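Residue numbers (the working numbering), protein chains in the order written: chain H, 17 to 337; chain B, 17 to 337; chain P, 17 to 337; chain Y, 17 to 337.
Reading through the structure tokens given below for one structure.
4 protein chains.
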Amino acid sequence: MQYRRLGHTGLKLSALSFGAWVTFGDQIGRDEARNLVASAWDHGINFFDNAEGYARGRAEQVMGDVIADLRLPRDGFCVSSKVFFGAVDDPRPTQHGLSRKHVTDACHAALRRLRVDYLDLYYCHRPDPDTPIAETVLAMDTLIRQGKVLYWGTSEWSAAQIQEAVAIARAGHLHLPSMEQPQYNLLHRERVEREYAPLYADPGLGTTVWSPLASGLLTGKYNAGVDAQSRLGQQQLGWLKELVLGEPAAQRLDKVRRYTAVAAELGCSPAQLAIAWCLRNPNVSSVILGASRVGQLEENLGALDLQVDAAGWERVEAAFA
Amino acid sequence: MQYRRLGHTGLKLSALSFGAWVTFGDQIGRDEARNLVASAWDHGINFFDNAEGYARGRAEQVMGDVIADLRLPRDGFCVSSKVFFGAVDDPRPTQHGLSRKHVTDACHAALRRLRVDYLDLYYCHRPDPDTPIAETVLAMDTLIRQGKVLYWGTSEWSAAQIQEAVAIARAGHLHLPSMEQPQYNLLHRERVEREYAPLYADPGLGTTVWSPLASGLLTGKYNAGVDAQSRLGQQQLGWLKELVLGEPAAQRLDKVRRYTAVAAELGCSPAQLAIAWCLRNPNVSSVILGASRVGQLEENLGALDLQVDAAGWERVEAAFA
Amino acid sequence: MQYRRLGHTGLKLSALSFGAWVTFGDQIGRDEARNLVASAWDHGINFFDNAEGYARGRAEQVMGDVIADLRLPRDGFCVSSKVFFGAVDDPRPTQHGLSRKHVTDACHAALRRLRVDYLDLYYCHRPDPDTPIAETVLAMDTLIRQGKVLYWGTSEWSAAQIQEAVAIARAGHLHLPSMEQPQYNLLHRERVEREYAPLYADPGLGTTVWSPLASGLLTGKYNAGVDAQSRLGQQQLGWLKELVLGEPAAQRLDKVRRYTAVAAELGCSPAQLAIAWCLRNPNVSSVILGASRVGQLEENLGALDLQVDAAGWERVEAAFA
Amino acid sequence: MQYRRLGHTGLKLSALSFGAWVTFGDQIGRDEARNLVASAWDHGINFFDNAEGYARGRAEQVMGDVIADLRLPRDGFCVSSKVFFGAVDDPRPTQHGLSRKHVTDACHAALRRLRVDYLDLYYCHRPDPDTPIAETVLAMDTLIRQGKVLYWGTSEWSAAQIQEAVAIARAGHLHLPSMEQPQYNLLHRERVEREYAPLYADPGLGTTVWSPLASGLLTGKYNAGVDAQSRLGQQQLGWLKELVLGEPAAQRLDKVRRYTAVAAELGCSPAQLAIAWCLRNPNVSSVILGASRVGQLEENLGALDLQVDAAGWERVEAAFA
């Protein structure tokens with residue numbers, strides 16, 4: 017495994033990490049979850065990503081159960097949670113947003129579900145236009161000073177919002193946000209490569225990127241169309257389908273078909289190639305892998321060993337031109 | 017139910033909330049208290065207002081008992097307490113005022129009585145000329161950083177006092193007051209509408225208003241005079257009677273009689289109309305309802321559905337001209 | 017009882033308070049200690065003064081035991097401790113001075129001995145030239161933020177040292193010292209009346225004064241000389257004898273003899289008169305009384321009711337001219 | 017024993033202190049460890065130095081066990097730990113460096129192993145180029161405010177790095193580093209005497225120096241060469257051998273041979289003389305002694321009583337010219 021600093025912080029995460037999204041507490045059972053975490057750990061993965069909203073908290077429960085069962089040493093792994101954008105169907109207004117109440121309650125709930133004393137990383141899962149950024153920054157700072165959180169960050173915030181949080185934290189002698197969790201893949205790169213660009217130098221933002229395979233699109237498995245059993249075919253993930261296929265679907269699938277052909281010519285799997293492409297960006301701290309089977313995880317971990325030369329990468333880029 | 021942000025904070029309170037004042041631990045028994053909280057919760061109320069001084073702490077004890085019994089989820093409801101202006105007949109000087117000692121002791125006592133780990137809202141019940149505002153602001157900030165309080169505010173402070181607290185908090189990087197609890201109704205509107213006006217934009221003060229019915233006066237039940245059994249007739253609430261009827265009583269009752277006539281013409285109860293009138297003010301975050309019977313609470317909740325047009329509101333205003 | 021604000025703070029102490037010095041854990045037994053605390057409480061005294069150094073911690077142990085036994089309500093009384101200048105014969109260097117270690121350890125030890133969760137007042141018993149004032153101020157601030165101390169102050173510091181502490185606290189947004197515990201009586205008034213004068217307005221220093229009777233001298237009981245059984249005759253209090261009789265002894269005793277004559281003419285006990293004289297100074301927040309018998313305490317409490325006119329006070333002053 | 021302030025702090029350490037390095041949990045058994053701590057304590061030593069990296073935590077375990085067994089009073093002794101540069105062969109990246117995670121985890125682990133509630137001194141064992149100094153300073157400050165650490169410092173940092181930490185702490189109202197733990201002996205004096213010179217006045221840095229005997233070299237025991245059983249002959253301490261003998265070995269041993277001759281002429285042991293030489297420097301707060309036998313410790317403690325006149329010290333210096 018390769019390790020990278022989380023931006024300018026001193027925390028070193030595995031370049032490939034493991035996320036519970038979609039699978040834990042939902043698509044897969046407890047045994048498979050255990051096998052996945054065990055395999056990830058054995059391969060050197062030290063960051064396990066989660067959120068209050070993944071399977072309405074069950075993803076954290078399963079992960080906490082499995083980590084306790086495997087007796088992973090607390091000082092050897094990192095675990096995250098995210099607040100807000102979780103139980104989208106919970107009618108209680110205090111269950112949403114980034115108010116001090118929800119940020120605090122959600123942290124305590126995640127600590128209980130994950131069975132840990134502190135969260136290594138704690139994200140604002142989405143920006144909340146109904147809460148002043150100062151309130152959230154202060155709440156995060158308080159959790160860090162109480163020892164319940166080590167690093168706080170954001171997910172899918174605009175660069176301007178992050179910069180506002182940084183300015184507020186600096187003025188008030190508060191802990192700065194340390195990382196972002198943006199989507200990043202060959203089909204979705206604008207934000208990571210352009211919008212956040214100034215933030216890598218100052219305040220030294222780290223990124224833990226999600227969806228390196230564009231929800232499976234880059235494996236080529238949708239080249240012949242989306243069926244109902246696949247992730248993109250699932251009703252409750254309709255928002256995701258739209259996001260992934262937002263571009264005129266035909267045009268987008270054309271690109272992917274060209275890409276899978278390039279992968280075949282380079283002699284590697286499209287999934288490995290897509291993950292390896294993410295790792296080429298030095299501003300990516302860790303690429304979060306999801307998996308529902310150990311075999312799938314192990315295949316994706318192969319991205320670390322992929323040898324592609326400059327000409328090869330040029331052909332990859334050309335497929336998406 | 018409709019939810020509103022508490023001023024500029026990210027906390028969303030039900031537009032109508034439920035207060036224990038006068039009833040809990042005093043006029044009504046434990047069973048009726050349980051029914052009231054259950055009904056309020058079922059109707060979407062998420063803010064339960066209390067104070068150390070309500071029935072000398074018994075109001076908090078009953079509410080804590082009932083909330084525990086009903087197993088309301090801690091992250092779904094908000095509960096408040098208020099310090100000072102409570103046990104007016106307690107001779108101990110440390111039981112009064114807004115010293116660090118009393119602010120801290122009263123918080124701990126409220127947490128015990130209400131059986132919660134933190135207070136969502138904690139108010140200074142009245143200004144205390146014998147304690148520097150800086151001492152109180154620092155004490156509140158410490159409680160927030162310790163996780164025992166989420167939002168602190170004031171009740172019936174002057175705008176100048178609130179502004180002094182804000183200035184002190186800003187200079188010392190401390191938590192600002194987030195809300196006021198003023199009296200607000202058709203007979204008592206100057207402070208909310210004029211005095212506090214500049215505070216809604218900066219620092220973004222929220223208000224949880226009390227006495228929307230002017231202690232029952234606006235229901236029309238005193239139109240024929242105050243009798244000894246009613247709230248205003250009770251000896252220990254003499255200060256309230258004076259406050260409500262301060263204006264030459266005859267003149268004030270005339271206005272109310274005109275008002276109840278308007279309500280009859282508009283085809284709604286005077287109580288619902290008075291509550292709906294409070295809700296029209298966008299600077300009101302939540303209107304606190306008291307009730308001694310579930311039927312009374314449910315009737316008052318009807319204010320949310322009232323349809324009154326502009327001409328109707330003009331007639332209401334005219335009654336009090 | 018009369019209550020006074022502790023300087024500009026919001027804390028109200030009884031104008032006469034009760035100190036454990038010399039008596040608790042030493043001259044008197046546990047039963048007499050219990051009677052004294054009970055009597056003090058019954059007479060409205062709400063401040064019980066103590067220090068780690070009084071009888072090497074035994075004074076705090078006895079007081080904690082007695083307060084628990086009497087079930088005094090924690091929010092009704094105030095208790096103090098003082099750090100440093102205690103176990104003068106303890107050879108361990110970490111048992112002395114105002115280092116962060118000793119300030120912190122001594123606080124924890126006092127909490128255990130006094131059986132309370134927090135100290136209302138915590139004093140630096142003497143200045144420590146070997147510790148930077150900034151270190152002590154920071155340590156005190158940390159204890160306050162942790163909820164273990166409410167107000168911190170000093171005892172027998174120079175005005176310049178207090179002002180340095182205030183300046184450091186202001187620059188670092190830390191809690192300011194709130195009070196001093198100086199000696200103050202008819203024979204020792206310079207510091208309270210002159211040196212500290214500027215501090216009463218800013219930062220609003222309170223004073224809890226000790227030795228209103230000049231260790232008994234002002235009762236007239238040494239008018240005929242100091243015998244070995246009396247406090248001033250005790251070997252281990254040699255420093256005190258020197259302090260009290262520092263002035264050419266004969267000259268000093270002459271003044272006292274004149275004073276006791278005046279008291280007799282005014283028809284009151286010299287002790288009551290001396291205590292009442294301290295209370296005339298509005299910058300005195302509380303006068304600490306020591307007593308080894310309930311009768312003695314009750315007599316001294318009579319100072320509150322003493323009626324002396326301006327001419328009477330002039331004669332008192334004249335006795336010490 | 018003689019006691020010295022730790023730089024400008026109010027903490028007084030024994031001028032000679034006892035370190036667990038190399039011996040505890042490794043070369044010596046639990047009984048000998050107990051005898052050593054008991055003897056050190058009986059001779060007035062009040063500072064016991066340790067680190068997470070000494071024998072991979074076992075040194076702290078043994079020391080914690082022994083201190084508990086001997087019932088040393090917690091307010092009478094000081095104990096340290098150091099984070100980073102410990103388990104050099106642990107592959108987990110979160111076990112290294114000065115990230116908030118490792119600084120925090122390592123503190124908690126040391127508290128458990130040493131069986132104490134707080135560390136008196138907590139050092140960054142080496143500088144970590146992969147962690148911003150600000151992150152470490154903030155993490156240390158948080159531990160101090162939580163009461164888990166009293167004084168934090170560094171070990172073998174450059175003066176520039178320490179000054180950066182001081183500047184960051186001052187700007188953010190954070191606790192400053194209080195001490196350094198550098199190597200200091202007759203063969204290695206540049207850093208303590210020249211590089212750190214400006215830091216003694218401001219911020220008032222204290223030093224707890226290690227290796228007063230240059231790993232035994234100054235006892236003269238290697239005058240005839242390094243054998244495999246000695247500390248310098250041990251394989252895992254190869255880095256140490258290089259450090260000690262870095263200078264052309266022959267030349268360095270020549271100096272030591274001249275030095276041992278001077279010691280003989282002065283009538284004292286070379287070890288005592290070397291320790292006494294360290295103590296002559298007023299910027300040295302404490303000289304850490306290691307020992308594997310009580311006899312050795314007691315002999316070294318004799319350094320406190322050594323009488324060497326100015327001419328004697330000149331001859332010592334001349335040996336190393």
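Backbone N, C-alpha and C define an ideal beta-carbon position, used for all residues, glycine too.
Quick caveat, the model's predicted, so the values are computed rather than measured.
{"Query": "So the candidates are H:Tyr216, H:Leu159, H:Glu281; which of them puts its Cα closest to the Cα of glycine 328 of chain H?", "Result": "H:Glu281"}
{"Query": "Using a Cβ cut-off of 9 Å, pull out every chain P residue sitting near glutamate 76 of chain B, in sequence order please.", "Result": "None at all; the shortest Cβ gap to chain P is about 15 Å."}
{"Query": "Under the rule that 16 or more other beta-carbon atoms within 10 Å means buried, what is leucine 86 of chain P, buried or exposed?", "Result": "exposed"}
{"Query": "Taking only the alpha-carbon atoms, compute the straight-line gap between aspartate 136 of chain B and tyrosine 200 of chain Y and give it to the nearest angstrom.", "Result": "56 Å"}
{"Query": "Can you list, in chain order, the residues of the stretch 98-118 of chain Y whose Cβ is nearer than 7 Å to any Cβ on chain H?", "Result": "Arg108, Pro109, Thr110, Gln111, Gly113, Leu114, Ser115, Arg116, Lys117"}
{"Query": "Please tell me whether lysine 164 of chain P and proline 109 of chain B are closer than 7 Å, where the distance is taken between their beta carbons.", "Result": "no"}
{"Query": "Glycine 73 of chain H CB to nearest chain B CB: under 7 Å?", "Result": "no"}
{"Query": "Could you compute how far the alpha carbon of glycine 338 of chain H sits from the alpha carbon of serine 55 of chain H?", "Result": "Outside the displayed span of chain H (17 to 337) sits residue 338 of chain H, for which this structure offers no information."}
{"Query": "How is the alpha helix (DSSP H) around glycine 222 of chain H delimited, first residue to last?", "Result": "Run containing glycine 222 of chain H: none in the alpha helix (DSSP H); it sits in the beta strand (DSSP E), 222-225."}
{"Query": "In three-state DSSP terms, what is glycine 311 of chain Y?", "Result": "helix"}
{"Query": "So if DSSP puts histidine 24 of chain H in a beta bridge, which residue, or which two residues, is it bridged to?", "Result": "Histidine 24 of chain H is not bridged to any residue."}
{"Query": "In whole angstroms, give me the CA-to-CA distance for glutamine 197 of chain B and threonine 224 of chain B.", "Result": "5 Å"}
{"Query": "Cα separation between histidine 124 of chain B and isoleucine 83 of chain B?", "Result": "18 Å"}
{"Query": "So what does phenylalanine 34 of chain P bridge to, in DSSP terms?", "Result": "P:Phe64, P:Leu305"}
{"Query": "Ordered along the chain, which non-local residues of its own chain (more than five positions away) have a Cβ less than 6 Å from that of glycine 80 of chain B?", "Result": "Arg129, Leu130, Arg131"}
{"Query": "Applying the criterion that 16 or more other CB atoms from any shown protein chain within 10 Å of the CB defines a buried residue, is arginine 355 of chain P buried or exposed?", "Result": "Chain P is shown only over 17 to 337; residue 355 of chain P falls outside these bounds and no answer can be derived."}
{"Query": "Taking only beta-carbon positions, decide if aspartate 58 of chain B is within less than 7 Å of chain H.", "Result": "no"}
{"Query": "Using a Cβ cut-off of 7 Å (strictly closer), state whether glycine 169 of chain Y contacts chain P.", "Result": "no"}
{"Query": "Just grab the DSSP bridge partners of tryptophan 168 of chain H for me.", "Result": "H:Tyr138"}
{"Query": "Mapping the DSSP letters down to three states, classify leucine 233 of chain B as helix, strand or coil.", "Result": "helix"}
{"Query": "Out of B:Ala290, B:Arg331, B:Asn299, B:Ala337, point me to the one whose CA is closest to leucine 317 of chain B's CA.", "Result": "B:Ala290"}
{"Query": "Once DSSP output is grouped into helix, strand and coil, what is the label at leucine 190 of chain Y?", "Result": "coil"}
{"Query": "For the pair the stretch 174-187 of chain Y and the stretch 212-231 of chain Y, tell me if three or more CB-CB distances fall below 8 Å.", "Result": "yes"}
{"Query": "Give, in chain order, every residue of the stretch 186-205 of chain Y whose Cβ lies closer than 8 Å to some Cβ of chain P.", "Result": "His189, His191"}
{"Query": "Tell me the DSSP secondary structure of methionine 79 of chain B in three-state form.", "Result": "helix"}
{"Query": "Using a Cβ-Cβ cut-off of less than 8 Å, give me the residues of the stretch 139-161 of chain P that come near chain Y, in sequence order.", "Result": "Asp144, Asp146, Thr147, Pro148, Glu151, Thr152, Leu154, Thr158, Arg161"}
{"Query": "Which residues bound the beta strand (DSSP E) around serine 97 of chain Y?", "Result": "94-99"}
{"Query": "Chain P partners of aspartate 121 of chain B, CB-CB under 8 Å?", "Result": "Arg90, Asp91"}
{"Query": "Would you list the residues sitting across from tyrosine 19 of chain Y in a DSSP beta bridge?", "Result": "Y:Ser30"}
{"Query": "So which residues on chain P does alanine 125 of chain B lean against when the C-beta distance must stay under 8 Å?", "Result": "Asp91"}
{"Query": "Which residues bound the alpha helix (DSSP H) around glycine 328 of chain Y?", "Result": "326-335"}
{"Query": "At least one CB of chain Y closer than 7 Å to the CB of glycine 26 of chain H: is that the case?", "Result": "yes"}
{"Query": "With the cut-off set at 7 Å, would you say leucine 127 of chain Y and arginine 116 of chain P are in Cβ contact?", "Result": "no"}
{"Query": "In three-state terms, what does DSSP make of glutamine 267 of chain P?", "Result": "helix"}
{"Query": "Would you decide whether proline 145 of chain P is buried or exposed? Buried here means 16 or more other CB atoms lie within 10 Å of its CB.", "Result": "exposed"}
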